[in-house]
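Residue numbers for the sequence shown follow this note's numbering, beginning at 2 and rising by one.
We put the CB at the ideal spot given by N, CA and C, even for glycine.
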Amino acid sequence: MKQQAGFTLIEVLVALGIVAIALSSGIKASQSLSANAQRQSDVLLAQLCAENQLIALRLSRQLPSVGARSFSCEQAGLSFNGVLTVAATPNPGFRRVDAQVSDAHYPVLRLSTVLGRY
2 MKQQAGFTLI EVLVALGIVA IALSSGIKAS QSLSANAQRQ SDVLLAQLCA ENQLIALRLS
62 RQLPSVGARS FSCEQAGLSF NGVLTVAATP NPGFRRVDAQ VSDAHYPVLR LSTVLGRY
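Right, here's the structure in full:
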């Protein structure tokens, strides 16, 4: 009897299974990279919103009053909502200011600074 050269059906199925596992892990890795890039972009845009609010307080040249106020900001076509919280410090000449920026679904960024009298 003459032997035929080639692969058996089991060998082909095992090879296809290995290729399928490798491709699915590659797809998951590329999805993760894409999600991280989107998150980094959101954080950068949220940082711009928070810094704009903090700079506006600095430019007002007045000691901000204690309390919280909300703000909204649009950067690169994305809408962000935020809360600017001003708290007293042990030194009456300074205030702690926290700016927390959120997307529609989750908090994105929180910046804190201390402002003093001018």
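Inter-residue Cα distance where the pair is residue i and residue j
| i | j | result |
| --- | --- | --- |
| F76 | L46 | Just to set this straight, residue 76 is Gln in the shown sequence, not Phe. The straight-line gap from Cα to Cα measures roughly 6 Å. |
| I19 | I28 | 14 Å |
| L10 | Q4 | 16 Å |
| F110 | L55 | For the sequence presented, residue 110 should be read as Leu rather than Phe. In a straight line, the C-alpha of L110 is about 14 Å away from that of L55. |
Pick from the options that is closest to residue i, judged by C-alpha positions
| i | options | result |
| --- | --- | --- |
| V84 | G78, S73 and P91 | S73 |
| R62 | N82, R96 and S71 | R96 |
| G117 | L60, T9, S26 and Q32 | L60 |
Beta-carbon proximity of residue i to residue j, cut-off 8 Å
| i | j | result |
| --- | --- | --- |
| D99 | F81 | no |
| A69 | T86 | yes |
Proximity test, Cβ basis, 8 Å: residue i and chain D
| i | result |
| --- | --- |
| L110 | Protein chains in the displayed structure number just one, and chain D is not present. |
Beta-carbon separation (whole angstroms), residue i vs residue j, contact threshold 8 Å
| i | j | result |
| --- | --- | --- |
| V13 | C50 | No, V13 and C50 are not in contact; Cβ-Cβ is about 56 Å, not under 8 Å. |
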